[in-house]
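Just so it is clear: in the sequence shown, position 142 is 142 by UniProt numbering, and no numbers are missing. Even for Gly, the Cβ is constructed at its ideal location relative to N, Cα and C. Read through the structure below, which is laid out as structure tokens, and then see the notes.
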Amino acid sequence: MKWVTVETICLLFSVLIGFVLNVLAVFLPYWIVETNYNIRALTYSVGIIPFHFAYEAPFHIATSVMMLTAFVLYVFLVGFLVFALISCLVQKYKLCKTGYLLVGILSAIVAILQISSFIAMQIGMKMYIASIYYQQPQLGGCVYLTLSSGILCLISVLLAIILSKTKLA
């Protein structure tokens, strides 16, 4: 079991924790939050699901498309990680390295999509949304879950590259 290293365990946990954060960010409705300060209560929140093209701001459409694409790619990323781990388990080390390389590539794409959606929400909130709402809306927690998941994806890229270059046998 030479292939079970600290890097393998860290990659597994970073991918799984990032996937959970991505799922929470996509399916929770707290991307834009508006609070009534008179009664100190949450009065309005917007998520990226359910999605309506006719009613959404352009930056919100772009963010929704990027996050839904990142979610689908994350499912494939978890599948390739399982493929790589099973390949190592049955001692097919060439397939194992290929699986780790695919995990690294998909992690890089997912990280770019998630960090881009975070930036799009930041810029969109400053330029577009503030002129529409009566009260000042704020970014909700899902935006920061997306950023955290993107950072974990960047860590996964580094770990997958290290594992694809290591001699396993």
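* To do: Please work out which residues of its chain come closer than 6 Å, Cβ to Cβ, to residue 115, disregarding the five sequence neighbours upstream and downstream, and give them in chain order.
  => 150
* Per DSSP, which residues does residue 45 bridge with? Please list them. => 33
* Asked: Quick one: is residue 106 buried, meaning 16 or more other Cβ sit within 10 Å of its Cβ, or exposed?
  -> buried
* **Start-end ranges of the beta strand (DSSP E) lying completely within the region 92-125, minimum 3 residues** => none
* To do: Taking 8 Å as the cut-off, decide whether the C-beta atoms of residue 59 and residue 161 are in contact.
  => no
* Every unbroken alpha helix (DSSP H) within the region 139-167, with a cutoff of 4 residues, ordered by chain -> 141-165
* Asked: Any idea if residue 97 is buried or exposed, counting beta-carbon neighbours within 10 angstroms, 16 or more meaning buried?
  -> buried
* On the premise that residue 156 lies in contact with residue 18, defined as a C-beta separation below 8 Å, what is that separation, rounded to the nearest angstrom? -> So it is a contact: roughly 7 Å between Cβ atoms.
* To do: Would you check if the distance between the CB atom of residue 145 and the CB atom of residue 70 is smaller than 8 Å?
  => no
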